[in-house]
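Before any comments, here is the structure.
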Amino acid sequence: MRWFEYIAFLALVVGLAWPVGLYLARVFEGKPTFLDPALRPIESLLYRLLRVYRDGEMSAGSYTLCFLVFSAVSTGGLFLLLLVQRWLPGAPADHYLTTPITADLAMNTAISFSTTTTWQAYAGETTLRYMTQLLGLVSQNFLAGAAGLAIGIAFIRGFSRERSATLGNFWVDLVRALLWVLLPVALVGSLVLIWQGVPLNLAPYTEAHTLEGAVQTIAQGPVAALEFIKNLGTNGGGFFNANGAHPYESPTPLVNFLAMLAIAVLPASLAITFGRMTGRPRAGWMLMAVMVVLFVGGLALCDFAESANPPQLASLHVSGGNMEGKEVRFGIGSSVLAAVVTSNGATGSYNSMHDSYQPLGVLVPLVNMLLGEVIFGGLGSGLCGIILIALVAVFLGGLMIGRTPEYLGKKITAAETRLTVFYALLTPKLVLALTAVALATNAGRAGLVTNNGAHGFTEVLFAYASSMANNGQNMAGLNANSAFYNWTTAVAMLAGRFGLAALALALAGRFAAQRRWPTTSGTLPSDSAIFGALVLGTVLLVGALSFLPALALGPFAEALKH
Amino acid sequence: MPALPTLLIRHLRTAVISVAALTLLTGCIFPLILFALGRLLAPDQAAGSLVTRNGVVIGSRLIGQSFTRPEYFHPRPSAAGTGYDGTSSGGTNFGPSNPKLIEAVRQLAQDYRKTNGLPTDATIPIDAVTASGSGLDPHISPANAELQIARVARARGLDESAVRRLVAEHTQGPQLGFMGSPRVSVLDLNLALDRAAPPR
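The listed protein sequences derive, respectively, from chains X and V. Straight run, no breaks: the first sequence in the working numbering ends on number 568. Straight run, no breaks: the second sequence in the working numbering ends on number 201.
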């Protein structure tokens with residue numbers, strides 16, 4: 007039964023990627039779509055307001071600058087909103103809001119949501135007013151998600167254009183991503199969620215008188231407004247502390263399944279969009295094939311680890327897979343699927359507590375994030391990630407046969423290689439350095455309040471991997487609401503979002519300026535099985551070389567204990 | 002090309018207006034439309050699927066609550082506050098090799114066997130002795146419910162077969178045949194028990 011759910015999911019992702027990918031290509035090439043009659047007037051209004059011209063093309067530098075300025079303003083706005091939230095009206099009442107919003111927590115949260123990381127050092131039900139969740143977080147889930155999609159599209163244009171000095175217009179891509187993609191899908195998706203039981207109200211917390219005569223206070227809120235877009239925009243920050251495990255966030259297995267589709271379909275579709283816009287559809291499908299193979303491998307390992315009876319409990323006569331931190335309605339299958347999809351999809355909306363996973367179970371989400379989330383990945387960032395890996399692969403291939411490597415007719419010279427290597431090295435260098443600093447300082451070790459030893463090491467590595475990958479999920483036993491973690495994870499989130507995007511766009515700018523070199527007998531075809539295997543091997547090789555020692559100290563050491 | 006400061010100021014203006022306008026669109030207008038449609042199409046769900054009995058809100062159909070008396074089916078252990086605290090969702094976050102977890106499971110299994118009159122080496126379904134991720138899990142596994150039937154029947158003076166029938170009525174299979182796991186809603190089942198045979 008579990009495998010039926012896995013197979014159905016994968017089939018739907020691949021099946022939907024084709025039409026959705028072609029639709030995305032139409033949207034960002036400005037071609038007519040069936041939504042135009044409703045959306046064109048709003049689009050024109052927004053352009054007038056912003057004084058943006060639809061055809062005002064930008065260089066890679068300008069595009070990056072607009073992205074940076076937009077994100078900075080988003081961060082600043084959210085930061086201010088968080089600082090003044092105590093004066094905002096509405097529920098929940100003050101006495102429920104027990105977590106003080108310190109300056110470092112506000113800054114961490116603002117950066118977190120404007121970078122689609124949505125790492126949460128706080129618990130929603132004890133920290134935020136409904137007004138803050140709607141005005142600050144729901145909006146940033148849309149805006150940051152749309153900005154990510156824009157970056158992905160600009161990156162594709164680097165390959166689809168030749169002898170061009172420009173990559174498109176950031177504001178136009180942003181507005182079209184919102185109006186043509188995120189808003190309509192989120193509207194329909196959110197309605198399905200409400201039907202399935204996700205609440206949408208502004209009521210004060212409910213006082214229920216239970217059957218045994220106790221009083222149970224139940225946190226409420228406009229949950230459904232956040233719930234779908236948090237997945238669609240590959241953000242993932244929960245309305246409540248328990249995120250997707252909370253029955254108000256994912257009341258049914260169907261809600262969970264739709265959430266996983268919302269995470270994976272758009273990033274997977276971008277591979278098809280890439281194939282379409284570059285005129286090499288088979289290259290897009292080859293990237294998809296590589297992602298599917300990696301996806302299935304991770305899923306199988308995580309399923310194997312979690313469905314086995316926990317070896318640590320072997321003498322206690324309990325039957326079944328590892329249900330600590332998992333919900334009965336999801337069981338092992340829907341929990342494992344969510345762990346794999348959310349960690350591949352740069353989305354922190356876990357539906358089970360990864361801290362309580364078996365060592366080899368949590369290894370899968372951890373490695374997915376460390377690899378840079380190249381399997382479907384974040385909205386926009388995922389496609390950049392897998393193509394950057396493909397560039398490393400063709401570079402290695404080029405070394406083997408002694409030719410200048412090329413991909414889709416674009417030559418990868420010394421300058422492009424340099425940018426690619428910076429991109430590939432940024433994650434390991436920063437994640438490992440921050441992990442080392444955390445473990446070497448009292449402030450960092452103070453976070454280990456629940457677990458220690460090899461598992462505690464994994465918690466810290468997981469935190470920085472998640473921040474750097476703009477994922478946001480955590481092993482929640484780590485107490486991360488301290489000045490130390492709030493600032494250090496913020497550094498990783500900023501580098502993961504803007505450092506990587508700036509490198510990817512710089513590379514795209516160089517490719518756009520090149521002519522498209524003709525295919526020769528020396529070209530490695532980008533749609534061949536050899537190419538696919540080379541990319542697959544490069545993902546694993548780069549990952550293993552960067553992270554095996556760290557993984558040996560964490561999950562592997564813990565696994566060997568039992 | 003204009004100098005960088007000029008460019009920055011121009012982009013800054015566009016950025017401020019766009020963040021303001023798009024926040025209005027996605028953080029105000031979008032939720033308002035959703036509120037209107039939600040109230041129209043699914044008002045109960047939008048309000049949190051609250052359950053009332055004799056005019057009093059007794060809980061939410063979706064949120065687990067604490068049961069300790071013998072005449073009720075018991076939910077899973079909970080790490081939300083002091084147990085099923087609806088304002089403090091979360092799991093234990095104990096790692097699999099954490100001694101605290103292993104000790105907790107040992108203790109919970111002992112208590113479970115004692116409460117339900119099971120032999121000391123009886124095998125227990127794991128959901129009965131592990132905390133959920135939310136601490137608010139409204140469900141237990143059918144195997145967990147099965148082991149509690151004898152106790153509940155005795156406490157209510159009911160036939161085991163009658164209780165077993167109620168459990169079966171409140172057991173859901175995987176959704177659409179393949180999503181998620183089989184489960185029994187504890188609150189629904191206990192409400193049905195109260196209707197069928199008020200506790201003695």
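All residues carry an ideal CB built from backbone N, CA and C; glycine is no exception.
- The distance from the Cβ of residue 216/X to that of residue 60/V is about 6 angstroms, consistent with a contact at the 8 angstroms cut-off.
- Straight through space, the alpha carbons of residue 488/X and residue 105/X are spaced by roughly 12 angstroms.
- For residue 412/X, DSSP records a beta bridge to 417/X.
- Rounded to whole angstroms, the gap between the alpha carbons of residue 112/V and residue 69/V is 12 angstroms.
- Per DSSP, the beta-bridge partners of residue 87/V are 224/X.
- Residues of the segment 131 to 146 of chain V with a C-beta less than 9 angstroms from any C-beta of chain X: 131, 132, 133, 134, 135, 136, 137, 138, 139, 140, 141, 142, 144, 145, listed in chain order.
- Interface annotation, residue 401/X: not in contact with chain V, CB-CB separation never under 9 angstroms.
- The Cβ atoms of residue 133/V and residue 80/V sit closer than 9 angstroms to each other.
- The DSSP-derived three-state label of residue 71/X is helix.
- Sequence-ordered contacts of the segment 460 to 486 of chain X with chain V read 460, 461, 462, 464, 465, 481, 482, 483, 484 [C-beta pairs closer than 9 angstroms].
- Beta-bridge pairing by DSSP links residue 180/V to 176/V.
- About 5 angstroms separates the Cβ atoms of residue 399/X and residue 540/X, confirming a contact at the 8 angstroms cut-off.
- Using a Cβ-Cβ distance cut-off of 8 angstroms, the segment 166 to 185 of chain V and the segment 252 to 264 of chain X are in contact, since at least three pairs of beta carbons, one from each stretch, lie closer than that value.
- Pairing residue 481/X with residue 214/X, the inter-Cα distance amounts to about 31 angstroms.
- Identification of residues in the segment 220 to 246 of chain X having a C-beta nearer than 7 angstroms to some C-beta of chain V yields 220, 222, 223, 224, 225, 226, 228, 230, 231, 246, given in sequence order.
- DSSP lists 223/X as the bridge partner or partners of residue 213/X.
- Contact annotation for residue 177/X against chain V: 15, 19 [CB-CB distance below 7 angstroms, chain order].
- At a cut-off of 9 angstroms between C-beta atoms, residue 201/X counts as an interface residue with respect to chain V.
- The residue from 369/X, 381/X, 250/X, 289/X with its alpha-carbon nearest to that of residue 299/X is 381/X.
- If you draw a 10 Å sphere on the C-beta of residue 121/V, you find fewer than 16 other C-beta atoms in it, and that means exposed.
- Per DSSP, the continuous beta strand (DSSP E) segment holding residue 54/V begins and ends at 51 to 54.
- Taking a 10 Å sphere around the C-beta of residue 301/X, we find 16 or more other C-beta atoms and assign the residue as buried.
- With fewer than three CB-CB distances shorter than 8 angstroms, the segment 346 to 355 of chain X does not count as touching the segment 147 to 155 of chain V.
- The alpha helix (DSSP H) runs lying completely inside the segment 32 to 119 of chain X and spanning 4 residues or more are 42 to 56, 66 to 89, given in chain order.
- When rounded, the separation of the alpha-carbon atoms in residue 170/V and residue 190/V is 8 angstroms.
- Following the DSSP letters along the chain, one finds residue 58/V inside the beta strand (DSSP E) bounded by residues 57 to 61.
- Rounded to the nearest whole angstrom, the CA to CA distance from residue 34/V to residue 491/X is 38 angstroms.
- For residue 499/X, the enclosing alpha helix (DSSP H) stretches over residues 489 to 500.
- Residue 457/X has a beta carbon lying within less than 9 angstroms of a beta carbon in chain V.
- When C-alpha distances from residue 65/X are compared across 318/X, 161/X, 366/X, the shortest belongs to 161/X.
- A direct Cα-Cα distance of roughly 12 angstroms separates residue 62/V from residue 204/X.
- For residue 164/V and residue 67/V, the gap between their C-alpha atoms comes out near 20 angstroms.
- Counting C-beta pairs closer than 8 angstroms gives three or more between the segment 516 to 529 of chain X and the segment 408 to 428 of chain X, which meets the contact rule.
- In the three-state reduction of the DSSP assignment, residue 321/X falls in the helix class, which pools H, G and I.
- Restricting attention to 8/X, 411/X, 16/X, 283/X, the CA atom closest to the CA of residue 37/X is found in 283/X.
- Take residue 339/X, set aside five residues on each side of it, and the residues of its chain with a beta-carbon closer than 6 angstroms to its own are 8, 11, in chain order.
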